[in-house]
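Protein chains in written order, with our numbering: chain A, 12 to 104; chain B, 12 to 104. Using N, Cα and C, we set each Cβ at its ideal position, and we do this for glycine too. Since we're looking at a predicted model, the values are computed, not measured. Below is one structure; the comments refer to it alone.
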DNA sequence: TGATTATATAGCTAAATAGCTAAATAGTAA
DNA sequence: TTACTATTTAGCTATTTAGCTATATAATCA
């Protein structure tokens, strides 16, 4: 599993962006409007997510639309479950 | 969900420690021996995990035994699944 | 007590990160 | 072209982090 996905998901602002995008694609401006950070700050978070391949962007006129790359997100969750989930973790003593 | 858990899990060395502890409790020295880092470096990672409550430690003579706090780990995974997993993520276009 | 072993803490450096403002880029429209 | 809007990139600062070595702490044993 790619380290960049873990780093991307370790920030609370970026996790909120992912949650926003679960509801459907949004422009950079729409996303930024949900936060109290300066707009370039949110743009930077978007580029971290893009770098981790967790989102993809597409220009539409003057707007740039971001959408979730659900594949990567699902693969990450699957990896986590495989490595840390389930198993009989009953070695109490 | 506690931010410290995300930060703790975002480091590859710490994730490997968690995986080691899934196999059962281990002393700090045993854990350190699995890595090429200096012993204090691994000790620091252990304290990050302890701070996130992902592991607990217990002195046994001169040794300090670390064990996984499976509750926190499971809660983290459950949180992730709840927030990012499942759902009909079929908004392709 | 002093010596030994296991581990943590202190103190440092280099690198990464998140925030900001200001400037650049890209598209649209007059 | 100029003007306007949406967004990114540049460049900065402050903070955090991961690594190191050296030192401190704690338990055991002679």
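So, with DSSP's three-state summary, where would you put residue i?
i, result
"residue 73 of chain A", "coil"
"residue 65 of chain B", "coil"
"residue 4 of chain A", "The question about residue 4 of chain A has no answer, for chain A in this structure spans 12 to 104."
"residue 99 of chain A", "A caution first: residue 99 of chain A carries a pLDDT of 44, below 50, which makes its placement in the model too unreliable to give a value."
"residue 21 of chain B", "coil"
In chain A, which residues lie with their C-beta within 7 angstroms of the C-beta of residue i?
i, result
"residue 72 of chain B", "By Cβ distance, chain A contributes nothing, its closest Cβ being about 17 angstroms from residue 72 of chain B, past 7 angstroms."
Can you pull the chain B residues whose beta carbon is under 9 angstroms from the beta carbon of residue i, in chain order?
i, result
"residue 94 of chain A", "26, 29, 30, 33"
"residue 46 of chain A", "Per Cβ cutoff of 9 angstroms: no residues; residue 46 of chain A is ~16 angstroms from chain B at best."
Could you tell me which chain B residues have their CB closer than 7 angstroms to the CB of residue i, listed as they occur along the chain?
i, result
"residue 14 of chain A", "23"
Tell me whether residue i is buried or exposed, calling it buried when 16 or more other Cβ atoms sit within 10 Å of its Cβ.
i, result
"residue 25 of chain A", "buried"
"residue 51 of chain B", "exposed"
"residue 17 of chain B", "buried"
"residue 63 of chain B", "buried"
"residue 74 of chain B", "exposed"
"residue 89 of chain B", "exposed"
Could you tell me which residues DSSP pairs with residue i in its beta bridges?
i, result
"residue 79 of chain A", "A:66"
"residue 38 of chain B", "B:76"
List, in order along the chain, the chain B residues whose C-beta lies closer than 8 angstroms to that of residue i?
i, result
"residue 18 of chain A", "21"
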